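Chains A and B, in that order, give the protein sequences. Plus 38 on top of the position in the first sequence (first one is 1) and you've got the working numbering. Plus 38 on top of the position in the second sequence (first one is 1) and you've got the working numbering. Structure first, then comments.
There are 2 protein chains.
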Amino acid sequence: MNAIPRDRQEAAGVPGCGAAADNRCALCGGREACLPSLFHSDDNAAFERMVAGKRRIERHASLFRANDKFDTFYIVRVGQFKEFVLDPASVQRVVRFYMPGDIVGFDGVATGVHSSRVMALEDSEVCEVPYAQVRKAMHDHPRFLDRFLAAMSATLLDQHQHTRLLTLPSLDGRFACFLLYLSANYARMGYSDTAFRLAMSRSDIGSYLGTTVETVSRLIARFNAQHAVRIERRMVQILDRAKLIAMIDNTAADRCPVPAPTEDRQPEMPVH
Amino acid sequence: MNAIPRDRQEAAGVPGCGAAADNRCALCGGREACLPSLFHSDDNAAFERMVAGKRRIERHASLFRANDKFDTFYIVRVGQFKEFVLDPASVQRVVRFYMPGDIVGFDGVATGVHSSRVMALEDSEVCEVPYAQVRKAMHDHPRFLDRFLAAMSATLLDQHQHTRLLTLPSLDGRFACFLLYLSANYARMGYSDTAFRLAMSRSDIGSYLGTTVETVSRLIARFNAQHAVRIERRMVQILDRAKLIAMIDNTAADRCPVPAPTEDRQPEMPVH
DNA sequence: CGTCGTCTTGAACTGCGTCAAATTACGTGG
DNA sequence: CCACGTAATTTGACGCAGTTCAAGACGACG
C-alpha cells in the first residue's frame with residue numbers, strides 16, 4: 039500500500055513486500071507503524087504539530103464520499119478501509135484497500151474534491167493531517183517534501199500492481215496475487231504473513247479482482263482443495279507460498295504476445 | 039491523462055473530458071498545450087529555466103526502462119507513448135498511454151528508479167525537466183508546489199479510470215470506454231473528438247483492455263457493424279457517441295452487487 | 001428458535017480465449 | 001514501378017473458464 043519509502047520494492051511479478059518498518063509515532067504509540075518513517079530522520083516534532091487530531095470511524099462508516107471537499111489527509115492507525123467508486127448502476131467498484139500506515143486522500147489534491155468513497159471495513163482510527171499543514175511542512179522541510187512526494191509516487195506504484203493483477207488472464211492468478219499482496223502487507227505491519235484475518239467480504243474481494251462473489255467462493259474452495267491455502271470463513275492460512283507464485287506465472291503466459299522487447303526497436307510496421 | 043488541473047473532471051461513468059487548455063509554452067510554441075497551465079499564472083520564466091532541454095524519441099525507442107535511474111521528468115511535446123511492465127513470461131502489460139501535455143516519470147519518485155518502461159508509439163519529442171529543478175521550484179514557488187501536486191494526483195485519478203475500465207464486466211463496455219477516453223483526450227489537445235488516428239497497435243489496445251488481439255479485432259468488427267463507430271485500419275470515426283455510452287452503462291449492471299450504500303451503515307453482519 | 005444476510009454449491013449457458021489459417025498492409029530490393 | 005517477404009490484422013472453429021440464475025447451508029443475533 040502506500041507506506042513509504044517502500045524500501046526498493048522489487049519489480050518481480052508479485053506485489054511489493056517491503057520489510058516491516060518500526061518507527062513508533064509519538065502520538066499513536068500503537069505497535070503498528072502508523073506513520074512509516076515519513077518523518078523520523080527529520081523532525082518528529084514537526085509531524086506532531088501537523089496532526090490535527092485522531093478520529094474514530096465505525097465499521098461501515100465512511101471517512102469521506104465522492105464529491106466531498108478535500109482538505110485533510112488521513113493516516114490509518116488501526117483498522118482497514120476500502121476505497122470504491124459507484125458505477126452508473128450503483129454498483130461498488132473497489133479500487134483499493136487501506137491498512138494501518140497507509141495515507142488516504144491523495145485523490146483529492148487534483149481537484150479539491152474527493153473522487154471516490156472510503157469506508158471502514160472494521161472499527162478503525164485515523165490521524166487527521168490538514169492539507170494546509172502538509173503544504174507548509176513541505177515548504178519548510180525539504181526532506182519532508184521528498185518523503186511526501188515519494189509516498190504519493192508509491193501509491194501510483196500500488197495502482198500499477200492492481201492494474202497488473204486485473205490483467206492477469208486467469209482468476210487463479212489474480213486471487214493468488216491478491217493473497218500474496220495481503221500477506222506482504224501484514225508482514226509490513228509486523229504481523230504474521232502466513233495467518234491473518236480478511237477484513238473484507240467476499241463481495242469486496244470479487245469487486246477488487248474484477249469478478250463475482252460466486253467465483254471467489256469457488257476459488258477459495260479450489261485453493262483449499264489444492265492445499266495451497268486454508269481459508270475458512272475469514273481466516274486465512276498460507277500453506278504453500280511457492281504454489282501461489284507459480285499460479286501467477288503459469289497463467290501469465292502469452293496474452294497479447296507483443297514479443298519481449300530486448301532491443302529498443304521492436305519489429306512492427308511503421309505507420310504509413 | 040495527467041494534464042492538470044483537469045478542471046473538475048466529472049465523476050460520471052466516462053473517462054474525464056476536460057476542456058482544451060490553451061497555454062502556449064514559450065519554449066515549445068507548438069499548437070499543442072505542451073505544459074498545460076502548470077506554470078502560467080505564476081512565473082512562466084521560472085519554468086523555462088527548469089527545462090533542461092528537448093529530446094527526440096524515435097518510434098519504438100524507449101524514453102526509459104524498468105530499473106533505469108530516475109532523475110528527470112518528461113513532458114510530451116509531440117507524439118504518443120505507451121507505458122508497460124513485463125510480466126514473468128516477458129509479455130507486455132500496457133499500463134497507460136501518454137499524449138502531448140502529459141507528464142511522464144512520477145513512478146520513479148518513490149524509489150529513485152523507474153518501475154516500468156515507456157516507449158514511443160510514433161516519432162515524438164519531449165521536454166526534459168530535472169527532478170532537482172522541480173524540487174527547487176516547489177520550494178521557491180508555493181503555487182507551483184500546488185500545481186505539481188495536483189498533476190501528480192491527477193495521474194492517480196487516471197489510474198482509477200483505468201482500473202474501472204478493467205473491471206467492466208463486458209469487453210464491449212471496456213472498448214467503448216477506451217474510445218471515449220481517446221476522444222476526450224484528443225478534444226483536450228484541441229483536435230477533433232470524432233475523428234482521429236490510433237497511435238497504438240491492436241496488441242497494445244488488447245493489453246490495455248485486458249484481452250487479446252483477436253478479441254479487439256472482433257470488437258472493432260462488431261462496433262463497425264452496429265454503426266457506433268467506423269474504424270478502418272488506424273483511423274477512427276465516432277458515429278454514435280450515445281450508443282457508446284449506453285454500452286458502458288448497460289454492461290455495468292449487477293456485478294458484485296454490494297447494494298448502493300446511500301446510508302453509511304450498509305447491512306452486513308458483524309464479524310464474530 | 002426464527003429471521004436475516006453472507007457464503008457456498010449446483011446446473012446450464014455463453015463470451016472469450018485458444019489455435020490455426022487466410023488476408024492485408026507495407027517496406028524492401030530488384 | 002512491380003514482385004516479394006515480413007509482420008499486423010482479420011476471420012473461423014472449438015472448448016472451457018467464468019457468469020448467471022437459483023437454491024441451499026451456515027452463522028449471528030434478536
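Positions of the beta carbon are idealized from the N, C-alpha and C atoms, including for glycine. Just so we're clear, the structure is a prediction, and the values are computed from it rather than from any experiment.
Would a check of beta-carbon distances place P126(A) closer than 8 angstroms to chain B?
-> yes
Selected residue, minimal CA-CA separation from A233(B), among R260(B), R256(B) and I276(B) = I276(B)
Within 8 angstroms of chain A by C-beta, residues of the segment 97-118 of chain B in sequence order = R97, H98, A99, S100, A104 and N105
C-beta neighbour in chain A for P180(B), strict 8 angstroms | yes
Listed from N- to C-terminal order along the chain, which residues in the segment 178-208 of chain B have their beta-carbon within a distance smaller than 7 angstroms of any beta-carbon of chain A?
-> P180, L183, L187, A188, M190, S191, A192, T193, L194, L195, Q197, H198, H200, T201, R202, L204 and T205
Pick from T110(B), F102(B) and P180(B) that is closest to A90(B), judged by C-alpha positions = T110(B)
For D60(A), count neighbouring Cβ atoms within 10 angstroms of its own Cβ and tell me buried if that reaches 16, exposed if not.
-> Residue confidence for D60(A) is low, a pLDDT of 44 falling below 50, so the modelled location carries little weight; the figure read from the coordinates is stated next. The residue in question, D60(A), is exposed, as its Cβ has fewer than 16 Cβ neighbours within 10 Å.
Give the DSSP bridge partners of R268(B), in chain order.
-> Q275(B)
Measure the CB-CB distance between L159(B) and M238(B) and report whether it falls below 8 angstroms.
-> yes
For my contact list, M190(A) and F122(A) are in at a C-beta cut-off of 8 angstroms; report their separation, rounded to the angstrom.
-> About 20 angstroms separates the two Cβ atoms, so there is no contact after all.
Return the bridge partner residues of K107(A) from the DSSP annotation.
-> V151(A)
Is A214(B) helix, strand or coil when you go by DSSP?
-> helix
Report yes if the CB atom of D210(A) is closer than 8 angstroms to the CB atom of M285(A), and no otherwise.
-> yes
Contact set between R313(B) and chain A, taken where Cβ atoms lie within less than 9 angstroms | In this structure chain B extends from 39 to 310, so residue 313(B) is not present and cannot be described.
Top-ranked residue by Cα proximity to I269(A), from R235(A), R279(A), A280(A) and V251(A) | R235(A)
Minimum Cβ-Cβ distance from E228(B) to chain A less than 8 angstroms = For the record, residue 228(B) in the displayed sequence is Gly; it is not Glu. Not an interface residue.
CB contact below 8 angstroms: S154(B) versus chain A = yes
Simplified DSSP state of R94(B), which is helix, strand or coil | strand
Can you tell me where the alpha helix (DSSP H) with Y169(B) in it begins and where it stops?
-> Y169 to D178
C-alpha distance - D278(A) paired with L194(A), whole-angstrom precision | 30 angstroms
Could you tell me which chain A residues have their CB closer than 9 angstroms to the CB of G139(B), listed as they occur along the chain?
-> Within 9 angstroms Cβ-Cβ: nothing; G139(B) doesn't reach chain A, min ~15 angstroms.
Looking only at its own chain, which residues have a Cβ that is under 7 angstroms from the Cβ of I258(A), when we skip the five neighbours before and after it?
-> I269
Output the distance between the C-alpha atoms of L206(B) and D178(B), rounded to the nearest integer angstrom.
-> 44 angstroms
Output, in chain order, the set of chain B residues within a Cβ distance shorter than 7 angstroms of R131(A).
-> R202 and T205
Under a Cβ-count criterion, where at least 16 other Cβ atoms within 10 Å of its own Cβ denotes burial, should K107(A) be classed as buried or exposed?
-> exposed
Closer than 7 angstroms at the beta carbon, the chain B residues around F144(A) = S191 and L194
Quick one: is D287(B) near chain A, going by C-beta distance under 8 angstroms?
-> yes
Figure out for me which residue from L187(A), Y219(A) and F186(A) has the closest Cα to the Cα of R202(A).
-> Y219(A)
Verify whether the separation of the beta carbon atoms of F261(B) and I243(B) is less than 8 angstroms.
-> no
Have a look at the DSSP bridge pairing and note the partners of A233(A).
-> Q275(A)
Simplified DSSP state of V251(A), which is helix, strand or coil | helix
Identify which residue in V132(A), V116(A), I283(A) and C165(A) has its Cα closest to the Cα of S153(A).
-> V132(A)
Cβ pair E163(B), R115(B) closer than 8 angstroms | yes
Note down the Cα distance separating Y112(A) from S100(A), rounded to an integer number of angstroms.
-> 12 angstroms
Residues of its chain near V251(A), where Cβ-Cβ distance is below 6 angstroms and the 5 sequence neighbours each way are ignored = R240, S241 and G244
Going along chain B, which residues have a C-beta under 7 angstroms from G248(A)?
-> L204 and T205
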